[in-house]
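In full-length UniProt numbering, the protein residues as written are 1 to 353.
Here the structure comes first, spelled out in structure tokens, and everything after it is commentary.
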């Protein structure tokens, strides 16, 4: 804005001086304006108070050497700059001082200026320019505040997203690796307990520990692939079922997972993983059916097995972890058991919020 005003004032002043044949005025006025352009170029890093003071002095010199009288318009930039640098009150005060200064100059130059239409028009036009400049400064300051708030909120969202991602990864590691490593520890303790009494049990325990280690490694590799490629529930579940030994597992999908949050999809996946582990290790099931349903608002997972049921046993850490995941995702988990078979149902919103 300042450069445009400087350019208009310079062109008008030089034209006026050339028309009236006053080369001295052209040199003096042009020199002051060139200094103003130089200050505009190098003064961006200055302290705002110093920059404003230098501008006021140069504006006064420009007005004194300008025969056209248009250089007075430079002073509309004073409240504009003051508002942006120091706030609305200082901007209004600067505008009032500019008007008062012009009145004093008119009174000194032409004591009867109130009776001269030219002077009155100049004052009124200057006042209009000040109002417009202050309005523009208020708009610019408001936009700057909005940008600052948006940047702050964006940084906060990024921080929360990073924290949520760290929490999700930590939970994934706990749910997958924690389970397998616990199984390895149990089997190795079993092998240690039977090493003197039953070598066959030792061999079996070590073999199961080795299998759990392989599954832990597979889970890590699968998690890395999912992090790189983006999570898709159907292929992930089918891969999980394909790597599961024990009961026969059937998988059904109803509806389209497209558009569902990754949080919802990973919650269902981890629930299916834990339910499959329970059906294989604890329920002694021979068949398991996994059904996933997507509707416009919700995603639902059902894992039903034909095992021996829970038998009123207390809910273990695996189920507690699944329930916590579901609640954090805005959903719920239910376990029903009739004594012959168990059904785990997890319902979560397709999208958060």
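Backbone N, C-alpha and C fix where the C-beta goes; we use that ideal spot for every residue, glycine too.
In this text the structure is predicted, and so the values were computed from the model without any measurement.
Item                                                                                                : Value
C-alpha distance - residue 71 paired with residue 63, whole-angstrom precision                      : 5 Å
CA-to-CA distance, residue 96 to residue 3, given in whole angstroms                                : 24 Å
Close beta carbons around residue 218, own chain, < 7 Å, minus the five adjacent residues each side : 243
When 105, 6 and 293 are compared against residue 35, the one with the closest alpha-carbon          : 6
Rounded C-alpha distance that separates residue 191 from residue 153                                : 55 Å
Those residues which DSSP pairs with residue 333 across a bridge                                    : 346
Straight-line gap, residue 32 to residue 61 (C-alpha atoms, nearest Å)                              : 7 Å
N-terminal and C-terminal residue of the beta strand (DSSP E) that residue 299 is part of           : 298-305
Uninterrupted alpha helix (DSSP H) stretches inside the stretch 69-134 (no shorter than 4 residues) : 77-86 and 88-109
Residue from 325, 160, 46 and 98 whose Cα sits closest to the Cα of residue 59                      : 98
Whole-angstrom distance between residue 11 and residue 24, CA atom to CA atom                       : With a pLDDT of only 49 at residue 24, under 50, the local geometry of the prediction cannot be trusted, and the value read off the model is given with reservation. Straight-line Cα distance between these residues: approximately 16 Å.
Distance between residue 188 and residue 273 (C-alpha atoms, nearest Å)                             : 23 Å
Residue(s) in a DSSP beta bridge with residue 292                                                   : 253 and 301
Supposed close pair residue 130, residue 79 - CB separation, criterion 8 Å                          : 6 Å
Proximity to residue 238 [Cα-Cα], best of 252, 94 and 247                                           : 252
Pairwise C-alpha distance: residue 347 and residue 136                                              : 53 Å
Cross-strand partners of residue 355 (DSSP beta bridge)                                             : This structure does not reach residue 355, given that the chain is present from 1 up to 353, and the question cannot be answered.
Alpha-carbon to alpha-carbon, residue 94 and residue 143                                            : 22 Å
CB contact flag (residue 327, residue 335, <7 Å)                                                    : no
Buried or exposed (CB count within 10 angstroms, at least 16 for buried), residue 254               : exposed
Sub-7 Å separation of residue 267 and residue 170 beta-carbons                                      : no
Residue 53 (DSSP reduced to helix, strand or coil)                                                  : helix
Cβ-Cβ distance between residue 307 and residue 275 below 7 Å                                        : no
Residue 293 versus residue 214 - alpha carbon distance                                              : 31 Å
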